[in-house]
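Right, one structure below, let's go through it.
Spelled out as structure tokens, the structure:
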């Protein structure tokens, strides 16, 4: 009897254990709140990192993800980066149907194995193995198991449980173990309001999080990395491909990078040094010399990705770039720096997070950060920044790829965090001047001059090299509210000295106006009508962030059709908000001519989510006023 009870108890425990295990492999057990705004749900993600020493690290992960629909496939994240310094010990995937039954087993040999960088890469020692799986039906569940050992301890994975929008997390944990003699630094970001538990000792750090509902993206919101929880880690003592170092702050980090990774690569030949000195000998000052050298680099070399060296962080030798005529961002920046140094001009290799999101390096947490390199030239109170990978950008101009963010400037004396150029709205200026002729049949002819600066220049400088056919498509899309348009002529001047793009366009269109009996209605804003209205959200969740401001100034003369008189004219308007301003002036020059002036300004900044409705209303009002019409009556 006792044996029978024991067997029954054991059977019950085994059944409960099996059911509990199976719960993670079927969508039936996902809480309803985690299904909302979710294409996939992380059922359990356990990352364990054993930092055995400053030169050895073991990383293990078990990740179970239930994919609810096609859009959730990317959330599986079943991949592993590796190179000669990574020993892959385990890499496998189990696929389960929605009833928790294993339907496929995928071993390491079945993973796709490709270069870890894009097709523009000449060569690389960095590779990635990733899962390529096409599901039969949804939902399904993936269990991803991986383990690898590396001697690169400069990069310690962060605790980053929510990796994308529309992803819920049922449970995620992170454990970092390390010897007592190692000093581990950490930085917590955005953890308020989440169910996070942590356990910190002298040799172990543990974080876990539960029940995080998916986040739905919203227009004009902060960067994703600024709204989700994340804990970053770094060891004071670390190794990068055999190069050992101790770093605790950005000054020490910059010292290490300059002396261990950069300094030895400035090996220009004597012939090249003489050539560059001869090139700039007649230039009046250092800025003029730097411009000449920047143009020399743009004419001589081209960008191509090269991911070799110390973890992809050490630039190619300047002599190699000089000989080959190509390089990646590190190599080209370092090459330009070496050329400037040859004529006595100080410049600094600078590490940045590139992209239009304006992501900054964490200024209070020194660690391996960034994905791009640019060059800094100290220039009194306003430093000059050079994008050395571009063969088109003017000297001293950086656009939305690297503007307005904290970067690491590396000098021989150490590293320091500096902020790149921020364009205020008045600097991102677009000025339009136009003359428009309206004919008796309602058609229009327009002569337009557009001058763009700042970020508005950055948005358009590429037009200079477009084909006539592509430009025709571009302008018809730009003035999409004008039907039946045909473009008669186009000319584009890229003034790299003043950093202005100047466009001259002549076009015509039939049936521009609307005729109602003896009357004709003419829209006054011919050339810069706002058609953008931000999306509406019934319950806004995220703060409002306007990344970049701008200013538009339009002045257009409208010659009226000779057979018509002005019957009624809209009044000038003025709007003033925290987000920007809008004004129009409408004046009658004589009975056959109207002058239309418009100024539209958008301010950058961050605002509480409660302000979003007012921001949207402002844009709606601008769009409405941009459709103001003058009524003409036939003589």
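Numbering (this note's numbering), first residue to last: 7 to 641. Note that beta-carbon positions come from the ideal geometry of N, C-alpha and C, so glycine has one too.
Those residues which DSSP pairs with residue i across a bridge
| i | result |
| --- | --- |
| residue 262 | Per DSSP, none; premise fails for residue 262. |
| residue 374 | Residue 374 pairs with nothing; no bridge assigned. |
| residue 436 | 458 and 558 |
| residue 571 | 639 |
| residue 136 | 85 and 118 |
| residue 586 | 608 |
| residue 188 | DSSP output for residue 188 lists no bridge partner at all. |
| residue 108 | 102 |
| residue 391 | 382 |
| residue 333 | 309 |
| residue 600 | 564 and 594 |
| residue 47 | 72 and 174 |
| residue 236 | 195 |
| residue 425 | 412 |
| residue 452 | 442 and 513 |
| residue 417 | 420 |
| residue 152 | 67 and 97 |
Segment limits, alpha helix (DSSP H) that includes residue i
| i | result |
| --- | --- |
| residue 293 | 292 to 306 |
| residue 629 | 618 to 631 |
| residue 518 | It is not in any alpha helix (DSSP H) - residue 518 carries neither H nor E in the DSSP assignment. |
| residue 525 | Not the alpha helix (DSSP H): residue 525 falls in the beta strand (DSSP E), residues 525 to 529. |
| residue 642 | Because the chain here runs from 7 to 641, residue 642 falls outside it and cannot be looked at. |
| residue 484 | 474 to 484 |
| residue 38 | 38 to 41 |
DSSP-derived helix/strand/coil call for residue i
| i | result |
| --- | --- |
| residue 204 | strand |
| residue 126 | With a pLDDT of only 35 at residue 126, under the threshold of 50, the placement of this residue in the model should not be trusted; the figure read from the coordinates follows. Of the three classes helix, strand and coil, the one that applies to residue 126 here is coil, per DSSP. |
| residue 241 | strand |
| residue 636 | strand |
| residue 353 | coil |
| residue 214 | strand |
| residue 606 | strand |
| residue 78 | helix |
| residue 225 | coil |
| residue 52 | strand |
| residue 467 | helix |
| residue 533 | coil |
| residue 506 | strand |
| residue 283 | helix |
| residue 578 | coil |
| residue 164 | strand |
| residue 231 | helix |
| residue 29 | helix |
| residue 22 | Only weak support exists for where residue 22 lies, its pLDDT of 37 falling under 50; the coordinates are left without a value. |
| residue 656 | Any question about residue 656 goes unanswered here, given that the chain covers just 7 to 641. |
| residue 492 | strand |
| residue 406 | coil |
Beta carbon of residue i nearer than 9 Å to that of residue j
| i | j | result |
| --- | --- | --- |
| residue 640 | residue 605 | no |
| residue 437 | residue 456 | yes |
| residue 439 | residue 379 | no |
| residue 46 | residue 79 | yes |
| residue 609 | residue 586 | yes |
| residue 382 | residue 390 | yes |
| residue 647 | residue 271 | The chain is shown only over 7 to 641; residue 647 falls outside these bounds and no answer can be derived. |
| residue 310 | residue 334 | yes |
| residue 527 | residue 635 | yes |
| residue 170 | residue 236 | no |
| residue 401 | residue 502 | yes |
| residue 615 | residue 554 | no |
| residue 449 | residue 355 | no |
| residue 217 | residue 153 | no |
| residue 181 | residue 70 | no |
| residue 139 | residue 82 | yes |
| residue 496 | residue 477 | yes |
| residue 521 | residue 565 | no |
Span of the beta strand (DSSP E), counted from its first residue to its last, around residue i
| i | result |
| --- | --- |
| residue 118 | 118 to 121 |
| residue 410 | Note, residue 410: premise wrong, no beta strand (DSSP E); not H, not E. |
| residue 65 | 62 to 73 |
| residue 95 | 92 to 102 |
| residue 180 | 173 to 183 |
| residue 550 | 550 to 552 |
| residue 253 | Element bounds for residue 253: n/a, residue is neither H nor E. |
Supposed close pair residue i, residue j - CB separation, criterion 8 Å
| i | j | result |
| --- | --- | --- |
| residue 498 | residue 470 | 5 Å |
| residue 32 | residue 91 | That pair is no contact at about 39 Å. |
| residue 100 | residue 86 | Not really, about 16 Å apart at Cβ, beyond 8 Å. |
| residue 112 | residue 137 | 7 Å |
Beta carbon proximity, residue i to chain D, threshold 9 Å
| i | result |
| --- | --- |
| residue 65 | In summary, chain D is missing from the structure at hand, where a single protein chain is found. |
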